[in-house]
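There are 2 protein chains.
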Amino acid sequence: MAAKSKGAPNLYGSFIHSAPGAFLASKLGLPQPAELRRYRAGEPALPGPVLLGGKGRLAEPIVALLGDDYTVTDAFDAGIKYGALVFDATGIDSIDKLVQLFEFFSPALRSLAPSGRVVVLGTTPELVASVDEQIAQRALEGFTRSIAKELLRGATGQLVYVAPEADSSGTGVESTLRFLLSAKSAFVDGQVIRVGTAASEAPADWAKPLAGKVAVVTGAARGIGATIAEVFARDGATVIVADIPAAGEALSETANKVGATALPLDVTAPDAAERLAEFAQQRFGGIDIVVHNAGITRDKLLANMDESRWSSVINVNLAAPHRITSGLVAKGVLKEGGRVIDVSSIAGIAGNRGQTNYGASKAGVIGMVDAEAPLLAEKGITINAVAPGFIETAMTAAIPVGTREAGRLMSSLLQGGQTIDVAETIAYFASPASNAVSGNVVRVCGQSLIGA
Amino acid sequence: MAAKSKGAPNLYGSFIHSAPGAFLASKLGLPQPAELRRYRAGEPALPGPVLLGGKGRLAEPIVALLGDDYTVTDAFDAGIKYGALVFDATGIDSIDKLVQLFEFFSPALRSLAPSGRVVVLGTTPELVASVDEQIAQRALEGFTRSIAKELLRGATGQLVYVAPEADSSGTGVESTLRFLLSAKSAFVDGQVIRVGTAASEAPADWAKPLAGKVAVVTGAARGIGATIAEVFARDGATVIVADIPAAGEALSETANKVGATALPLDVTAPDAAERLAEFAQQRFGGIDIVVHNAGITRDKLLANMDESRWSSVINVNLAAPHRITSGLVAKGVLKEGGRVIDVSSIAGIAGNRGQTNYGASKAGVIGMVDAEAPLLAEKGITINAVAPGFIETAMTAAIPVGTREAGRLMSSLLQGGQTIDVAETIAYFASPASNAVSGNVVRVCGQSLIGA
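Chains C and Y are the protein sequences, given in the same order.
Quick note on UniProt numbering: the first sequence kicks off at 1 and runs consecutively.
Quick note on UniProt numbering: the second sequence kicks off at 1 and runs consecutively.
Written out as structure tokens, the structure is:
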């Protein structure tokens with residue numbers, strides 16, 4: 001990471017003396033980007049114990065679920081540095097009870113370790129019966145996004161909404177909590193994740209959650225796709241890496257490096273789903289996980305755009321994943337309990353100048369998640385998307401320096417993310433323990449200021 | 001407006017040579033903030049004719065509804081400067097048809113007049129039956145937010161989602177279209193508005209839509225509240241201006257200036273709803289419109305906050321409007337066909353450093369709109385919220401200059417808004433023609449970059 005940030009300090013120095021630099025400094029209060037703690041096998045998930053507050057329906061199950069692997073306590077000691085502050089806010093069913101957030105977090109915040117975690121657990125506002133509870137629960141979002149902007153030294157804050165009818169054992173929320181309460185979520189910040197009611201089970205080994213699973217990753221020759229393949233292999237999956245035939249050499253290298261099988265495949269070919277289905281069926285007996293990572297940009301102001309720029313972006317980023325998912329599901333090649341993971345973008349949420357084609361395609365990906373989630377749920381398949389912010393890749397390295405620097409700094413974590421951060425989030429969606437996680441779009445953006 | 005931007009040019013000059021300035025310049029492409037065209041009685045709604053494209057269910061009704069007051073044509077002439085480009089995208093029911101957006105807008109964009117309007121009309125994605133249509137309709141959002149970021153010289157872009165079951169006469173969408181296709185929406189940019197199915201009727205006079213209506217505005221002594229009162233009076237309403245007793249003198253001045261009736265009222269008093277109800281019932285026989293504009297900030301990092309800062313903000317901004325709305329509805333003082341308008345904030349959407357209390361309260365306001373909209377619909381009452389971005393007020397004038405300048409420039413329109421911009425949006429919600437507009441949160445922010 002240090003190598004990739006080369007050159008940043010000087011630019012940052014001139015930046016904080018400019019007007020928007022002062023603005024950002026005052027908003028973010030961070031003197032400099034913190035080094036983020038990232039996952040290493042064998043290291044503790046958190047840099048300290050979990051302080052648990054709040055008296056809702058989740059606090060007890062959480063202690064039972066996490067107790068073996070985490071130190072969880074509800075007794076605050078100002079002399080301890082906590083790895084996480086977790087607040088069960090599901091008991092907040094009226095506006096006046098919101099003060100419990102203040103009471104728990106205000107004294108505890110100073111005791112949060114670097115790269116620590118704040119997690120607020122609430123009840124999905126749209127699904128509660130009482131108006132007062134819905135209002136109070138919806139308020140959690142503004143609170144959590146604000147507290148995330150106050151955290152220092154690489155700490156992050158998230159909100160998890162758990163459906164009111166979710167299994168009272170808490171197993172539905174376990175994979176989400178373990179992801180957030182770990183170094184794997186280093187660059188996920190200020191996010192809201194919704195957990196539903198599907199029955200879930202812990203994997204035999206949380207360090208190898210994908211053992212026995214067959215995963216396909218498109219656009220896997222290099223960049224984010226190659227890292228996804230690597231993380232999937234680390235987590236125990238059998239991996240098929242696909243990319244366009246022109247990327248053949250890089251694809252073989254990635255396959256060899258991670259121990260995956262290479263499949264040259266143009267995702268926009270009319271028979272792409274058939275070819276992938278046949279390949280996966282014959283070699284591995286089907287597919288458990290498909291990651292539609294292949295994507296392109298063809299930036300141009302709309303007034304200067306030609307139709308091929310428009311259509312190629314729509315076809316690769318939106319039409320192809322839709323057609324391939326539909327094909328794999330129709331053929332039964334994507335198995336019961338399967339996982340579909342799409343890649344959206346902040347540009348699909350907020351729009352971006354010069355990217356009407358890309359913005360449309362990546363917003364369409366969100367529509368794909370929304371539309372397909374309830375249908376796939378009938379087959380026990382989940383669908384979710386990541387929406388990366390500024391991630392350090394060969395693509396972003398080619399951006400002019402000023403723009404690149406601003407892209408890094410315009411976020412709560414004051415830096416770009418790594419491809420591993422996107423891959424870890426995708427691996428969390430892919431986990432068999434994430435049965436109750438569907439229909440989400442989670443930004444991997446360090447709480448970028450840019451939104452809509 | 002010019003006076004209020006005093007001092008901006010020099011700061012801007014140094015700004016665009018900084019890294020984030022270059023970033024913004026490349027993102028926004030605007031050499032300098034454009035002077036926005038704002039409403040003046042008797043002037044044409046738009047600076048040119050409306051070019052209408054797309055073949056959906058709305059194009060024909062729109063011509064019929066707007067034809068008397070607007071010049072509407074579907075024949076593109078590159079020699080004409082259009083006041084608006086309106087595209088009926090309700091016919092786009094598959095991904096491949098998205099190319100129609102490219103075909104219509106790419107050639108036409110250069111022919112949009114300064115302060116012109118782009119409006120895309122779609123079908124509410126969550127409400128369509130077909131997966132392909134839902135995906136394509138959801139893609140419109142990324143397209144529209146991107147095109148809004150490409151528009152120059154004060155032009156704006158919005159997306160309107162119309163429910164599939166909406167009245168085929170198009171009257172449900174008329175108030176929204178007239179608002180967007182006018183100078184009243186000058187600072188509304190990059191927004192998505194949802195229009196439902198409730199039957200609607202045009203007012204006798206679009207220049208006096210609130211004639212015969214009784215409106216209450218809280219926090220009306222000065223700032224945004226005073227401007228709301230002014231606009232309501234201009235639009236024909238009988239106005240009650242309320243504010244805390246300590247603001248008595250300013251409140252009287254505002255009341256005298258706009259011809260309103262002053263009511264000193266602490267909205268957090270337990271009997272606030274009773275007092276307001278009694279006053280309005282006795283003097284005017286009830287209330288048609290209530291605007292919960294009263295709001296406070298008590299900024300402090302959460303680690304340094306005391307409970308009174310927390311609770312006062314939650315009470316004024318969230319608990320009070322909820323209690324007053326409930327009280328007025330329960331008593332029947334807020335009449336059938338009534339309007340409730342709340343004030344959220346970008347801080348309630350994105351969170352803000354130093355504003356955990358404010359962010360929670362303003363996110364709670366969004367929850368209030370979500371939760372109360374279906375209940376109030378049973379009584380023919382609508383509820384919506386505005387979420388102001390950077391608005392030029394006495395409050396924002398007190399912000400340090402660097403922060404203030406950045407707040408202005410970090411938006412597509414590269415400037416702060418005026419109180420009138422918020423007031424016009426509220427007046428649009430308040431219109432009796434906006435029967436089908438409920439459950440919306442519309443940002444008045446010049447498409448601020450800041451979001452979530």
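C-beta: ideal position from N, C-alpha, C; glycine also.
9 Å is my cut-off, CB to CB: does residue i come that close to chain A?
i: L66 of chain C; result: Absence of chain A from the displayed structure is noted, the protein chains being C and Y.
Would residue i pass as a contact of residue j if the rule is Cβ separation under 9 Å?
i: L180 of chain Y; j: V119 of chain Y; result: yes
i: L140 of chain Y; j: L101 of chain Y; result: yes
i: E329 of chain C; j: I381 of chain C; result: The displayed chain sequence assigns Val, not Glu, to residue 329 of chain C. The answer is yes: Cβ separation under 9 Å.
i: A211 of chain C; j: D235 of chain C; result: yes
i: D342 of chain Y; j: H292 of chain Y; result: yes
i: M305 of chain C; j: S106 of chain Y; result: yes
i: D69 of chain Y; j: W206 of chain Y; result: yes
i: S412 of chain C; j: I346 of chain C; result: no
i: L65 of chain Y; j: G170 of chain Y; result: yes
i: A385 of chain C; j: V441 of chain C; result: yes
i: Y358 of chain Y; j: D299 of chain Y; result: yes
i: I287 of chain C; j: V216 of chain C; result: yes
Where residue i and residue j are concerned, what is the direct C-alpha to C-alpha distance, given to the nearest angstrom?
i: E43 of chain C; j: R57 of chain C; result: 30 Å
i: A273 of chain Y; j: S175 of chain Y; result: 30 Å
i: A199 of chain C; j: A319 of chain Y; result: 37 Å
i: T227 of chain Y; j: V313 of chain C; result: 45 Å
i: P400 of chain Y; j: N315 of chain C; result: 47 Å
i: residue 458 of chain C; j: A269 of chain C; result: Since the first and last residues shown for chain C are 1 and 452, residue 458 of chain C lies out of range.
i: A387 of chain Y; j: A262 of chain Y; result: 26 Å
i: I16 of chain Y; j: C445 of chain C; result: Low confidence applies to I16 of chain Y: its pLDDT is 47, below 50, so where it sits in the model is not reliable enough to give any reading.
i: Q282 of chain Y; j: V239 of chain Y; result: 14 Å
i: I296 of chain C; j: N317 of chain C; result: 7 Å
i: L30 of chain Y; j: N256 of chain C; result: The pLDDT assigned to L30 of chain Y is 46, lower than 50, so where the model puts this residue is not dependable; a value taken from the coordinates is nonetheless given after this. Using only the alpha carbons, I get a separation of about 48 Å.
i: F187 of chain C; j: L112 of chain C; result: 17 Å
i: D74 of chain Y; j: A398 of chain C; result: 42 Å
i: L301 of chain C; j: W310 of chain C; result: 11 Å
i: I391 of chain C; j: Y39 of chain C; result: 17 Å
i: G13 of chain C; j: L376 of chain C; result: Any reading at G13 of chain C must be qualified, since the residue scores a pLDDT of 42, below 50, and its modelled position is unreliable; no value is offered.
i: G327 of chain C; j: L251 of chain C; result: 24 Å
i: A41 of chain C; j: A430 of chain C; result: 19 Å
i: L85 of chain Y; j: L121 of chain C; result: 45 Å
i: D189 of chain C; j: E372 of chain C; result: 26 Å
Starting from residue i and walking both ways along the alpha helix (DSSP H), at which residues does that stretch end?
i: S335 of chain Y; result: A small fix is needed here, since residue 335 of chain Y is Lys in this sequence, not Ser. Counting along the chain, K335 of chain Y falls outside any alpha helix (DSSP H), though it belongs to the beta strand (DSSP E) covering L334 to V343.
i: R309 of chain Y; result: E307 to I314
i: D370 of chain Y; result: T356 to A377
i: A280 of chain Y; result: A272 to F284
i: A198 of chain Y; result: Counting along the chain, A198 of chain Y falls outside any alpha helix (DSSP H), and DSSP gives it neither H nor E.
i: A397 of chain C; result: A394 to A397
i: N256 of chain C; result: G248 to V258
i: G145 of chain Y; result: Here the sequence assigns Arg to residue 145 of chain Y, which means Gly is not the residue at that position. Residues V131 to E150.
i: L409 of chain C; result: V401 to L409
In the DSSP assignment, what are the bridge partners of residue i?
i: L112 of chain Y; result: Y:Y82
i: A387 of chain Y; result: Y:R443
i: H292 of chain Y; result: Y:D342
i: D88 of chain C; result: C:L121
i: I450 of chain Y; result: C:I450
i: Q191 of chain C; result: C:Q158
i: I287 of chain C; result: C:L334
i: G56 of chain C; result: Bridge partners of G56 of chain C: none, in fact.
Which two residues bound the contiguous beta strand (DSSP E) that contains residue i?
i: L263 of chain Y; result: T261 to P264
i: Y161 of chain Y; result: T156 to V162
i: G212 of chain Y; result: Per DSSP, G212 of chain Y belongs to no beta strand (DSSP E) and is neither H nor E.
i: V239 of chain Y; result: T238 to D243
i: L51 of chain Y; result: V50 to G53
Query raised in the report: Taking any Cβ of chain C, which residues in the region 313-327 of chain Y have a Cβ under 8 Å from it, in chain order?
Result: I314, L318, A319 and H322
Query - Residues of the region 362-394 of chain C with Cβ closer than 8 Å to any Cβ of chain Y, in chain order - result: K362, A363, G364, I366, G367, M368, D370, A371, E372 and L375
**Report entry** Under 9 Å (Cβ pairs) to chain C, residues found in the region 123-155 of chain Y
**Finding:** P125, E126, V128, S130, V131, D132, E133, Q134, I135, A136, Q137, R138, A139, L140, E141, G142, F143, T144, R145, S146, I147, A148, K149 and E150
Query - Against chain C: residues of the region 67-99 of chain Y by CB proximity under 8 Å - result: I95, D96, L98 and V99
Report task. Anything in the region 169-197 of chain C with a Cβ closer than 7 Å to a Cβ of chain Y? List those residues in chain order, please. Result -> G190
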